[in-house]
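Student: Residue numbers (the numbering used here): 16 to 330. I am attaching a structure below and will ask some questions about it afterwards.
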């Protein structure tokens, strides 16, 4: 099976290359514009590279399956405008999906995001939840999703839209890494009075799920991805503390004082108002559809996945 991965140099793409490359019946093709850079990065991996994914190139390469990861993620530096998100995340996805339809490739996976559906959710958001994206990122991902699911597929083709919650794993330097550094510094976690729930997805489970969709003839459609179970941020602080062999420092602070402290934020070495919101809000994802489809448990449980990621921060 020949599998094309776009956005191959990113965190998720790099993990997939390492994982899928261990299966002798899978030949990996990566897409990128700077081929020398990609070839150098993956010089120890079994992967070839192309700089175009037109239908003619897909035919020439004999591509069986496309995993479309390329896109603009959350913009922490505020350098992207609304039109940038739609040009890359929506229009870029439409283009490659049209080329897929014109080719003989049989399968297409689009890595979207739970943010295309909801930003926060106290109750498990499933595939039937009415999408209410908030950010340009989420809205542009939803536009791409809608284009894919609106197309009439030939009987020999499958198209899958993955909506993962927060993905973490080795090499990921997102919000989990920031919280890890905060806890490791010895400062107390002052939002212990908040009771929230969050879903997580270890990259190991994402890799496993992707392999199952490559190897099996599952129904086309949207799938929410997450590890089994939920954790509060208090739970996460305890797990981080356990990973560094320290006692968790979780304080229940008065709400009015919390508002004052979070307004002062980083100026006094404590989480900002924006970070407080991220730490205390809930985002719960239902994976009932995924479980019924896979008919087998995910290989890594939610705590073990987090422990693996946390240990990698010291490597």
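Every residue, glycine too, gets a C-beta built ideally from N, C-alpha and C. Small disclaimer: the values here were computed from a predicted structure and weren't measured.
#1: If I measure Cβ to Cβ from residue 153 and keep anything under 6 angstroms in the same chain, skipping five residues before and after, which residues do I get?
#2: Indicate the three-state DSSP secondary structure (helix, strand or coil) for residue 37 in the structure shown.
#3: Which one of 219, 170, 247 has the shortest CA to CA distance from residue 26?
#4: Whose C-alpha, out of 254, 179, 264, is nearest the C-alpha of residue 222?
#5: When the Cβ atoms of the stretch 199-211 are set against those of the stretch 264-272, are three or more pairs found closer than 8 angstroms?
#6: For residue 179, which three-state DSSP category applies?
#7: Considering only C-alpha positions, which residue in the set 151, 133, 150 is nearest to residue 143?
#8: Skipping 5 residues on each side, what residues in its chain have a beta carbon closer than 8 angstroms to that of residue 187?
#9: List the endpoints of the continuous beta strand (DSSP E) containing residue 80.
#10: By how many angstroms is the C-alpha of residue 20 removed from the C-alpha of residue 28?
#11: Note the first and the last residue of the continuous alpha helix (DSSP H) segment covering residue 159.
#12: Report, in whole angstroms, the separation of the C-beta atoms of residue 225 and residue 294, which I expect to be a contact under 8 angstroms.
#13: In the DSSP assignment, the beta strand (DSSP E) including residue 192 goes from what residue to what residue?
#14: Whole angstroms are fine: how far does the CA of residue 245 sit from the CA of residue 319?
#15: Does the beta-carbon of residue 148 have 16 or more other beta-carbons within 10 angstroms, so that it is buried, or is it exposed?
#16: Taking its Cβ as the centre, do 16 or more other Cβ atoms sit within 10 Å of residue 97, making it buried, or is it exposed?
#17: If you run the structure through DSSP and keep just helix, strand and coil, what is residue 49?
#18: Let me know the alpha helix (DSSP H) ranges lying completely inside the stretch 239-311, each 4 residues or longer, listed in chain order.
#19: Between which two residues does the beta strand (DSSP E) carrying residue 138 extend?
#20: Pull up the DSSP beta-bridge partners for residue 17, would you.
#21: By DSSP's criteria, residue 124 is part of a beta bridge. Which residues make up the other side?
#22: Could you pull out every residue in the same chain whose Cβ sits closer than 7 angstroms to the Cβ of residue 163, ignoring the five residues on either side in sequence?
#23: What is the DSSP secondary structure of residue 100, counted as helix, strand or coil?
#24: Is the CB-CB distance between residue 196 and residue 259 below 8 angstroms?
#25: Sort out for me which residues DSSP pairs residue 63 with in a bridge.
#26: Within 10 angstroms of its Cβ, does residue 272 collect 16 or more other Cβ (buried), or is it exposed?
Tutor: Well, looking at it:
#1: 130, 131
#2: coil
#3: The shortest Cα separation from residue 26 among 219, 170, 247 belongs to 219.
#4: 179
#5: yes
#6: strand
#7: 133
#8: 26, 218, 324
#9: 80-83
#10: 7 angstroms
#11: 151-165
#12: In fact, because the Cβ distance is near 29 angstroms, the residues do not count as touching under 8 angstroms.
#13: Looking at the DSSP string, residue 192 is not in any beta strand (DSSP E); the run it does join, the alpha helix (DSSP H), is 190-199.
#14: 13 angstroms
#15: Burial call: buried.
#16: exposed
#17: coil
#18: 248-258, 270-279, 288-295, 303-309
#19: Residue 138 -> beta strand (DSSP E) spans 136-140.
#20: 42
#21: Answer is 82, 175.
#22: 112, 125, 174, 176
#23: helix
#24: Not a contact, by the Cβ cut-off of 8 angstroms.
#25: For residue 63, the beta-bridge partners assigned by DSSP are 44.
#26: exposed
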